[in-house]
Every structure is written in C-alpha cells, then in structure tokens.
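Worksheet for the structure shown next.
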Amino acid sequence: MATTGLDRKLRIWDVRNYKQLCAYTLPFGLAEVSFSQRYVIACSVGNQIQIFNDAHLGTTTAPYMSHQCTGIVCSLQFCPYEDVLGVGHQHGFTSLLVPGSGEPNFNALLTNPYESRTQRREREVKQLLDKIQPELITLDTTEIVQVNTDLLEKENERLKLLLHTKPREVKFKPGNKKKGRGSAVRKEQIKQGVQSEQRFVINEARKKLEEEFLAKETMKVEDSQKTVLDSVCCLYCLFLLKFEFADEGHCFVLEDLACEILKKKSDERVDFKLPKDLTQAKRLGLVLSKYKDKHYYTVLFGISTVYIMLQSLAIPGSIFLTVLSGYLFPFPIALCLVCTVSHGVAPPSCIYIQAGATLQKLTHVGAAWSWNAILLVAFTALLSLVPIFYKRINKNDGIFNKSKNIKNS
1 MATTGLDRKL RIWDVRNYKQ LCAYTLPFGL AEVSFSQRYV IACSVGNQIQ IFNDAHLGTT
61 TAPYMSHQCT GIVCSLQFCP YEDVLGVGHQ HGFTSLLVPG SGEPNFNALL TNPYESRTQR
121 REREVKQLLD KIQPELITLD TTEIVQVNTD LLEKENERLK LLLHTKPREV KFKPGNKKKG
181 RGSAVRKEQI KQGVQSEQRF VINEARKKLE EEFLAKETMK VEDSQKTVLD SVCCLYCLFL
241 LKFEFADEGH CFVLEDLACE ILKKKSDERV DFKLPKDLTQ AKRLGLVLSK YKDKHYYTVL
301 FGISTVYIML QSLAIPGSIF LTVLSGYLFP FPIALCLVCT VSHGVAPPSC IYIQAGATLQ
361 KLTHVGAAWS WNAILLVAFT ALLSLVPIFY KRINKNDGIF NKSKNIKNS
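Under UniProt numbering, the first residue of the sequence shown carries the number 1, and numbering increases by one thereafter.
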C-alpha cells in the first residue's frame, strides 16, 4: 500500500505486518496514487504523471516513466492483467501503456478475465463444491440419512451440562448369548438396569449444577429481600423516634435496631433521629450521605415515607426533611421528591374535611343524627390524639424508670 501526504513523503506499507517498508521524499505533494499488480506506482500532481518501478524495494532513485496531460489529473487506475494505466483528467480520459505493470499469468480456475458466461457459471459451481467437507462426499447416498451415534453421545454429554433440558436416551441393546442362557426377561432387566444407572448419573450431575445455579439466585433474592427489609425497618424506627421519648433509654433499643440495619458506627447513633432544627438536619444529612451511594433507594424511600407520615398526622418537622432532601439529592430530584410526598396530606385532609362537614350537620338545628356521623367524628378525633397519647405514655414510663433507678441506687 502506498500513501502520500502534505509532508511530501511517498510511504510504502506492508499491510500484513502494519509496518512501513520505505519512504521517498518528493519535491511536491502528490494528489493521486495507484498501485499495479507488478508493484508499479503511478503518481500525479497537477497535469504531471510519474511512474516508479520496484518502489517497494527502496532502491528507486528516478521515475520509470513520466507523462504530461492536457488537463489536471483527477484519478489514476491500473487495468488488471493489462499493461495499461487509465488516467482521468480535466479534458477527458487517457490510456497510457506501461510495460511490466500488469500480471501476465493468471489462474483461470479463480479469475479469468476472458471467461464466457458458461465458464463463469461452472466456476461458481466449483467454488461452492470446494466448501463442502470431504467427509460428506460419498457414493452411498444412504449414509447421509443415518445417525452418527458417536456424535449423538457427545451431544448428550453436552446436554447433561445444561439445566432444564431432557437429554435424549442412548438405546442399549444387550449382547446375544447362547441358546437357552439368555431369556427375554433377563435382557429387559439388564436394559432397565443400565438405563437406571444412566438416569442416576444424569440426575446427580443436574443436581450439582442446580445447586450451584440456585445458590447464586438465592443469594440475589436474599440480598433484594434484605434491602427491602432494611427500608421498612428504618422507616419504622424513624417513625417511632420522631415522638421524642423523654427517657433516652427507651429509644436506645430502636436506635440499636436502626444502627444494626444500616451498620452504623457508635458515634453516628446520636445523630440518627428526626431533626428539630437546622443543626440536627445537617448532622443527619452527614450520616445519611455516607450510606446514600450504597443504599440509595433505602434512603430515598425512608425520607419519602417519613415525610408522608409527618404530613398525614400533622406532626411538625417536615420542613427540616425538605432541607435534608436538598442536602442529599440534586435539585431536580429533591424538588420532585418534595412535591410528590407533599400529597401525603391529601388522604387525612379528606377525612378531616368530611368530619368537619359532619360536625357542622350535627350542630345544626334540626339536623338528623346518625351513628355513622358520630363514628366518623370519633375516629377522626382519636386519630388526631394518637401522637399525644403515645408521647405521654412514654414520658410516664421514663419518669417511672428514673424513680426506680434512684430507689435502687
């Protein structure tokens, strides 16, 4: 292969080794280059054509031939098996005779430039026949439809290694014994015994493969279940921690559970709670940012669910979760998250609005009383007082435990 460039170099390459054989420095930059079958190079620039012989050897010092066209040369191409160079220029086409450029000898079985239509068809048939394997060429036409038992057994061995694939059975025929020594029952017993041994070996191999394959699948399922369990447990712990236990000992068990799930360090347990100011929100954000890369969806789902719980029960603190979302996630994700979870106040709001409308009907003079209306108002009232009762119960338990510890001391 020959290449040219603006560096005025004519480089000869060996495409089999991807190496440069030699290079020639020219007084001008070449525009068109063509290689012949006999290693003759034709170069052109402007309307000048120069032909070099044996340039691939690196011994060429002067052009073999030169020619000046009437117009600027556009393209060059040697004619196969002919000593002719075709030149396309500004004013038309010119054919130049270049002795020794074409291959004088050609293989008529592969490429015959003078072949007829019939010869071309025969050549295509011969080339297709050359692609057939020698083992398939036979005079007995019945061998092609016969089963290759050796190949079938190898294929069965390969199928044994595949899961959920029933291998084809290799038929076993017991050998013929002397007259009176081999009965039909005995032959069938031997046949059944051999087939049962084959089935046993196949089942054992399949069991081993299934154990290896299913072990990996079980590990994946356990990891996915563990991730979901982490999310649910963390959300449950955060929801209970938001009620501000008066005694720090009561929340110690829940914090231990959350820390064990997320594998936190002991110095991070103090900050793992619902933030009440910007400082606590910043500390919680620093803790969660360490685990966000590994437990991204756990952190995202936890913040979303706690946000919805706070909105549903009208518990203050959702503004700090909004700040925490902006600290942990990019602005588009945080904005979409806050706008989505803010709709969590919609279901309890519908209940409260319905309770208010029912209460207005009950207090209205002449309105009809109904047990459904009374139950709806009572349910709404109890739902609103759940956080208060829960907090008061834990405060009383904390005071009782403190007094008990004082008496024991």
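All C-beta atoms in this analysis are idealised placements derived from N, C-alpha and C, irrespective of residue type, glycine included.
Asked: Bridge partners of Arg-11, per DSSP?; Found: Thr-3 and Ala-23
Asked: In angstroms, rounded to a whole number, what distance separates the CA positions of Leu-85 and Lys-131?; Found: 36 Å
Asked: Is DSSP giving Leu-300 helix, strand or coil here?; Found: helix
Asked: In this structure, how does DSSP classify Val-147 when only helix, strand and coil are distinguished?; Found: coil
Asked: Using the DSSP secondary-structure output, state which residues sit across from Met-65 in a beta bridge.; Found: Ile-51
Asked: For Ser-34 versus Leu-97, is the C-beta distance shorter than 7 Å?; Found: no
Asked: May I have the straight-line CA-CA distance separating Gln-127 from Leu-110, to the nearest angstrom?; Found: 9 Å
Asked: Using three-state DSSP, classify Phe-93 as helix, strand or coil.; Found: strand
Asked: By a C-beta neighbour count over all protein chains shown, 10 Å radius and 16 as the cutoff for buried, is Ile-12 buried or exposed?; Found: buried
Asked: What separation, rounded to the nearest whole angstrom, lies between the Cα atoms of Asp-150 and Asn-203?; Found: 22 Å
Asked: I need the DSSP call for Leu-337, collapsed to helix, strand or coil.; Found: helix
Asked: At the level of alpha carbons, what is the spacing between Gln-37 and Thr-70?; Found: 27 Å
Asked: Could you work out which residue in Gln-20, Gln-198 and Phe-78 is closest to Glu-153 when comparing CA atoms only?; Found: Gln-198
Asked: DSSP three-state call for Glu-32: helix, strand or coil?; Found: strand
Asked: What number of angstroms, rounded off, separates the C-alpha of Gly-88 from the C-alpha of Pro-134?; Found: 49 Å
Asked: I'd like to check one pair, Ser-325 with Leu-310: are the Cβ atoms closer than 7 Å?; Found: no
Asked: Give me the Cβ distance between Val-306 and Leu-321, rounded to the nearest whole Å; I'm assuming they're in contact under 8 Å.; Found: 7 Å
Asked: May I ask you to report which of helix, strand or coil DSSP gives Gln-127?; Found: helix
Asked: Quick one: any contact between the stretch 42–60 and the stretch 103–123, if contact means 3 or more CB pairs under 8 Å?; Found: no
Asked: Pick helix, strand or coil for residue 411, following the three-state DSSP scheme.; Found: With the chain covering only 1 through 409, there is no way to say anything about residue 411.
Asked: Could you tell me the alpha carbon to alpha carbon distance between residue 410 and His-56, rounded to whole angstroms?; Found: No statement about residue 410 is possible, as the shown extent of the chain runs from 1 to 409 and does not include it.
Asked: Within a Cβ cutoff of 6 Å, which residues of the same chain sit near Ser-66, ignoring the five residues on either side of it in sequence?; Found: Gln-50
Asked: With a threshold of 16 other CB atoms inside 10 Å of the CB of Cys-43, please say whether the residue is buried or exposed.; Found: buried
Asked: Whole angstroms are fine: how far does the CA of Ala-23 sit from the CA of Leu-30?; Found: 13 Å
Asked: Distance check for Lys-9 and Val-15, CA to CA, integer angstroms please.; Found: 18 Å
Asked: Rounded to whole angstroms, what is the Cα-Cα separation between Asp-54 and Cys-74?; Found: 24 Å
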